[in-house]
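Top line first, the protein sequences correspond to chains A and B. 360 is the number that my numbering gives to position 360 of the first sequence; each next residue is one higher, with no gaps. Quick note, my numbering runs 501 ahead of the 1-based positions in the second sequence. Ideal Cβ positions, reconstructed from N, Cα and C, are used throughout, including at glycine.
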Amino acid sequence: MIDEGLRWMDDRLGISKGGRSFLDKIFPDHWSFLLGEIALYSFVVLVATGIFLTLYFVPSAQQIVYHGAYAPLRGTKVSEAYASTLNISFGVRSGLVIRQMHHWAADVFLGAIAVHMIRIFFTGAYRKPRELNWIVGVTLLTLGIVNGFLGYSLPDDLISGTGLRIAYSIILSIPLVGSYLAFFLFGGAFPGNGSIIPRMFILHVLILPVIIGGLIAAHLGLLVRQKHTQFPGKGRTEDNVVGSPMFPTFMAKTTGFLFMVTGVLWALGGLVQINPIWQFGPYVPYKISYAVQPDWYMGWLDGALRIMPSWEFTGFGHTIPLEIFLPAVLFPGLTFGLFYAWPFIEAKLTHDRAVHHLLDRPRDRPKRTAIGAAALAFYFVLFCASSTDVLANFFQVSLNIVLWSFRFLVFIVPIVAGLVTYRICLDMAGVPGIGKRKRALVVVRSAEGEYETIPSEPRPGDEHEELPPMPVPVAIEGEDDSEELETAGAGEGIRRVPRRP
Amino acid sequence: MSDGATDATGGTGATGGTGATEVGVPAYPVASFDDPHLLPLAKNPRRAEAVVAVFLVLGILGVAAYGALYWVGGQTQWEGVFLGGGLFCIGFGLSAWGKYLLPQGPFVEQRHPMASPEEDRKAMTSAIVDRGGIVVKRRGFLGGLLGAGMGIFGVVAAFPLIRSLGPVPGKTLDRTNWRAGSRLVDFTGRPVSVHDLEVGGALTVFPEGYLDSEQDQAMDQTMLIRAGSADIVTRPGRETWGPEGYLAFSKVCTHAGCPVGLYEEQTQQLLCPCHQSLFDVLDGAVPVFGPAPRPLPQLPLVVDADGWLRAQSGYDQPVGPGFWERS
Ligand code: FES
């Protein structure tokens, strides 16, 4: 059966050789390689749940009187976008789960991309020959954030509408062309002539997803072409990849992982409320909710807007609202510009133009690790700064103190984090065997009375002795006779051919 | 899996088939059944198998329970538990199967350098440079025309793509609908009389006749506050702007345009919840805290003969956040 089918395909497409080596593709077994998979599978969930949502969502700013299932808002004037989102939440079976799942999947998607990128950074996986894939990845992050914001804005509730108002002002702040851009985008002065919702909708459900999907394909295509990186270890060299083959091992594990990610997202969608727009109410231009908080991935920008001093430039008959333009246009521009340029900056600084397939351990590259830690600290402080009011309430101090602390912390914390990280890297580099798991450190006293710390012996059976790697067998030879081999599950999923004489 | 294979493809199963690329590495490697690489990772495969089976069964139950729940009407949280849990269990079972019961390996694959041999690179370059050079050398004029055509098309295409998207700003951002004599109305359209607010009260008002469009609301929204008249700092030129202790300020934050919606009576401050800008109501709404760069523009008020509040004139400056054309 299988053989016949393959022959039929091969006669027409010649797939046997390429297809077979694709089945043999080796995937390194390391947990950190799962981070990108979480992002990928969240995207799958986003597309699936997104298609479901488009069947019910009405992308229209048309004002109607609400008569739906949610009693407290009956009789209120709302937009069709808002009303249809309420309908998905209360009128469609499983609709609320899927809507919340979509929102959670977006948050997890961007979170997984961010952590995946951090992993790539600290292990130097972006070095030659993988700069292109780093660029594709940074683009995916950028588009993901933009699309997340667009989707968040679609329901036309009070909080997302306020966010959109801020976005409009940010575009407006761009010197020379800002007001034109804002007017073209919104179809006039905010909130425009009703075209922003359909425009965001088509961007959110078609244009950006298609680009993101294409880039994901390119990301994976490059990965197959260039093969995976791997951590140094037994039998692992610059010239090979060691791990599990695509078929059947990786396929089983990764399909299982797809189900696990989907299951977790579905459970989050059902159990953990997110974006309850019926509590916020519909968007009304002159209303404001007390708790204005964007999704987590916009937090760093919100924080930057909050702690920026109020420097507006006026002169020569013009105004440049630097208090918005710098933190919300120039700063993210610089951020992503730096991300894009980083592999080339590093190559320039280190004069390292060699091809690398073995990953760095962060402690072996103290400078890079310190820079990464400082950058992380910087964005984390900005993220925290987006909750100045919450923090002031929580610690019972004045907003003023919180604001000024952040204005200093945003510079101090990264420097301290960088220096401490640098120190830790150097210290770790000086201790052999540190960082390995499952080994307790024991203090021993020598005959001369000297104390020394050494790693303990592994307990018998504690460590898995890895065999030397072998090429993926295409065929399995020998008698499939022994009951114990069957028990051991050996050869499962691998094609058996009779031994040739 | 069809055993007794009708497989006669040359090379399959034969060590060192035709396509050997690495010295010493056969193109079609073969392993024997007792090769330790093919044994599972699990120390006790029977137990691992049982664990996988348990998770798969749990998964089936969870998914089926979701189906039943949907049938009877659904309930958000239980839907989450059943289908989420079910999918997770199936996934966990499958992953564990892959990790513990399939050949443990490890297996290896060789890398090949990405870079092509030097002559291939040279050929590629010259194919472009030389063949392309013919075009430029012999037909440069046509090339120029083609380029010009493309360029003009690019510019012209921008008209429908960009220009039609919306109106040009013009003076839209400089003006609101407030005029001399505009009566103040609340969001229902009811005019506001001088007796409507207690001291310490606040109300969002609009110019009469401009309540229908969201665009107008967004620009015109104004905060009417009745502050006790004692402590009001009156700026020169604004002596008559606040009759009977009434003050009116644009409600559009000068930072990023959020409605400055929270009036704190005790401190006489207006708070913008977006980025925590604070404006001093008694002192011409100057920003006393936060990123807002300018005071909220003040609307001059007057009480007419019938006791209605009206605007003496429109705002003396554009409301809301800064932009390039604002002078
Ligand atoms: S919009 Fe008012 S503080 Fe930013």
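message = Can you list, in chain order, the residues of its chain with a C-beta nearer than 7 Å to that of D10(A)? Leave out the 5 residues immediately preceding and following it.
response = Numbered from 1 along the first sequence, position 10 holds the residue referred to as residue 10(A). S16, listed in sequence order.
task = Tell whether a beta-carbon distance below 8 Å holds between S694(B) and T723(B).
result = Numbered from its first residue, the second sequence carries residue 694(B) at position 193. Numbered from its first residue, the second sequence carries residue 723(B) at position 222. It is not a contact, given that the beta carbons lie outside the stated cut-off.
inquiry  = At 4 residues or longer, what runs of the alpha helix (DSSP H) sit wholly inside the stretch 190–218 of chain A?
reply    = 196–202
Residues proximal to ligand 1 by C-beta, any heavy atom closer than 5 Å = Cβ-based neighbours of ligand 1 within the cut-off: C754(B), H756(B), A757(B), C759(B), C773(B), C775(B), H776(B) and S778(B).
task = In the DSSP assignment, find the unbroken beta strand (DSSP E) run with V410(A) in it and report its ends.
result = The count along the first sequence starts at 1 and reaches residue 410(A) at position 410. Premise fails: V410(A) lies in the alpha helix (DSSP H), L399 to G430, not in any beta strand (DSSP E).
request  = Determine the DSSP secondary structure at K17(A), reduced to helix, strand or coil.
outcome  = By one-based count along the first sequence, residue 17(A) stands at place 17. Correct three-state label for K17(A): helix.
query = What whole-angstrom Cβ distance do E709(B) and R684(B) have, given they're in contact under 8 Å?
reply = Position 208 of the second sequence holds residue 709(B). Position 183 of the second sequence holds residue 684(B). Sure, about 4 Å apart at Cβ, within 8 Å.
query = When we look at the beta-carbon of P276(A) and count the other beta-carbons within 10 Å, is it buried (16 or more) or exposed?
reply = As a first step, residue 276(A) must be located in the first sequence, where it is residue number 276. P276(A) is exposed by the Cβ-count criterion.
request  = With 9 Å as the limit, tell me which residues of the stretch 779–809 of chain B have their beta carbon closer than that to any beta carbon of chain A; keep them in chain order.
outcome  = Within the stretch 779–809 of chain B, the residues whose Cβ lies closer than 9 Å to some Cβ of chain A are L779, P788, F790, G791, P792, A793, P794 and R795, listed in chain order.
ask   = Smallest Cα separation from G188(A): which of A719(B), F790(B), G682(B) and L802(B)?
value = Against the first sequence, residue 188(A) aligns to sequence position 188. Looking at the Cα atoms, A719(B) is the closest of the given residues.
message = Does the contact criterion of 3 or more C-beta pairs under 8 Å hold for the stretch 753–762 of chain B versus the stretch 287–297 of chain A?
response = Yes, the stretch 753–762 of chain B is in contact with the stretch 287–297 of chain A.
Min CB distance R612(B) to chain A below 8 Å = Your numbering for residue 612(B) matches position 111 in the second sequence. R612(B) counts as touching chain A.
task = Identify each residue in the stretch 350–379 of chain A for which the Cβ-Cβ distance to at least one residue of chain B is less than 7 Å, and report them in chain order.
result = Within the stretch 350–379 of chain A, those residues whose Cβ lies closer than 7 Å to any Cβ of chain B are, in chain order, H357.
ask   = At a CB-CB cut-off below 8 Å, which residues of chain B make contact with I476(A)?
value = Taking the first residue of the first sequence as position 1, residue 476(A) is located at position 476. V531, A532, S533, F534 and L539, listed in chain order.
For D157(A), the three-state DSSP class (helix, strand or coil) = In the first sequence, residue 157(A) corresponds to position 157, counting from 1. Of the three classes helix, strand and coil, the one that applies to D157(A) here is strand, per DSSP.
F316(A) (DSSP reduced to helix, strand or coil) = Residue numbering aside, residue 316(A) sits at position 316 when the first sequence is read from its first letter. Coil, per DSSP.
Any 3 or more C-beta pairs closer than 8 Å across the stretch 85–97 of chain A and the stretch 46–60 of chain A = Touching, yes.
ask   = How many Å lie between L158(A) and P607(B) at the Cα?
value = Reading the first sequence from its first residue, position 158 is the one you call residue 158(A). Reading the second sequence from its first residue, position 106 is the one you call residue 607(B). So the two alpha carbons sit approximately 55 Å from each other.
query = For M298(A), which residues of its own chain have a beta-carbon under 6 Å away from its beta-carbon, when the five flanking residues on both sides are left out?
reply = Walking along the first sequence from the start, residue 298(A) turns up at place 298. Cβ neighbours of M298(A) beyond the five flanking positions: none.
Identity of the residue in L34(A), V97(A), F201(A) and W31(A) nearest G263(A) by Cα = Position 263 of the first sequence, counted from the first residue, corresponds to residue 263(A). It is V97(A).
query = Does the Cβ of L584(B) have 16 or more other Cβ atoms within 10 Å, making it buried, or fewer, making it exposed?
reply = Within the second sequence, the letter at position 83 stands for residue 584(B). By the neighbour-count rule (16 or more Cβ atoms within 10 Å), L584(B) is buried.
ask   = Got a sec: which bits of the stretch 592–606 of chain B sit with their beta carbon under 9 Å from any beta carbon on chain A, in order along the chain?
value = G592, F593, G594, L595, S596, A597, W598, G599, K600, Y601, L602, L603, P604, Q605 and G606
8 Å Cβ cutoff, R827(B) in contact with chain A = In the second sequence, counting from the first residue as 1, residue 827(B) sits at position 326. R827(B) counts as touching chain A.
query = Just reading off the beta strand (DSSP E) that C590(B) is part of, what are its end residues?
reply = As a position in the second sequence, residue 590(B) is number 89, starting the count at 1. Not the beta strand (DSSP E): C590(B) falls in the alpha helix (DSSP H), residues G586 to A597.
Positions along the stretch 286–310 of chain A whose CB lies within less than 9 Å of some CB in chain B = Y286, K287, I288, S289, Y290, A291, V292, D302, L305, R306, I307, M308, P309 and S310
message = Distance check for D29(A) and V241(A), CA to CA, integer angstroms please.
response = The residue labelled residue 241(A) in the question sits at position 241 within the first sequence. The residue labelled residue 29(A) in the question sits at position 29 within the first sequence. In a straight line, the C-alpha of V241(A) is about 10 Å away from that of D29(A).
ask   = Helix, strand or coil for F688(B) per DSSP?
value = As a position in the second sequence, residue 688(B) is number 187, starting the count at 1. Per DSSP, reduced to three states, the secondary structure at F688(B) is coil, with no helix or strand assignment.
key: Close Cβ partners of Q230(A) (< 8 Å) along its chain, the five nearest in sequence each way excluded   = Translated into the one-based positions of the first sequence, residue 230(A) becomes position 230. So the qualifying residues of the chain are P28, H30, R236, V241, V242, G243, H357, L358 and L359.
query = For a contact meaning CB atoms closer than 7 Å, what does T677(B) contact in chain C?
reply = In the structure shown, chain C does not exist; the protein chains are A and B.
task = Grab the span of the beta strand (DSSP E) containing T453(A) for me, first residue to last.
result = Position 453 of the first sequence, counted from the first residue, corresponds to residue 453(A). Unbroken beta strand (DSSP E) run through T453(A): Y451 to P455.
query = For the candidate residues V555(B), V553(B), V552(B) and G581(B), whose alpha-carbon lies nearest to that of A566(B)?
reply = Working through the second sequence from its first residue, we reach residue 566(B) at position 65. Comparing Cα-Cα distances from A566(B) to each of V555(B), V553(B), V552(B) and G581(B), the minimum goes to G581(B).
query = Taking 7 Å as the line, does the beta carbon of Y286(A) fall inside it for any heavy atom of ligand 3?
reply = In terms of ligand content, the structure shown lacks ligand 3 and carries ligand 1 instead.
inquiry  = Give me, in chain order, the residues of the same chain whose beta-carbon lies closer than 6 Å to that of L391(A); leave out the 5 immediate sequence neighbours on both sides.
reply    = If you number the first sequence from 1, residue 391(A) lands on position 391. The answer, listed in chain order, is V402.
query = P56(A) CB to nearest chain B CB: under 8 Å?
reply = Walking along the first sequence from the start, residue 56(A) turns up at place 56. Here residue 56(A) turns out to be Tyr, not Pro, going by the sequence shown. No - not a single Cβ of chain B is within 8 Å of the one on Y56(A).
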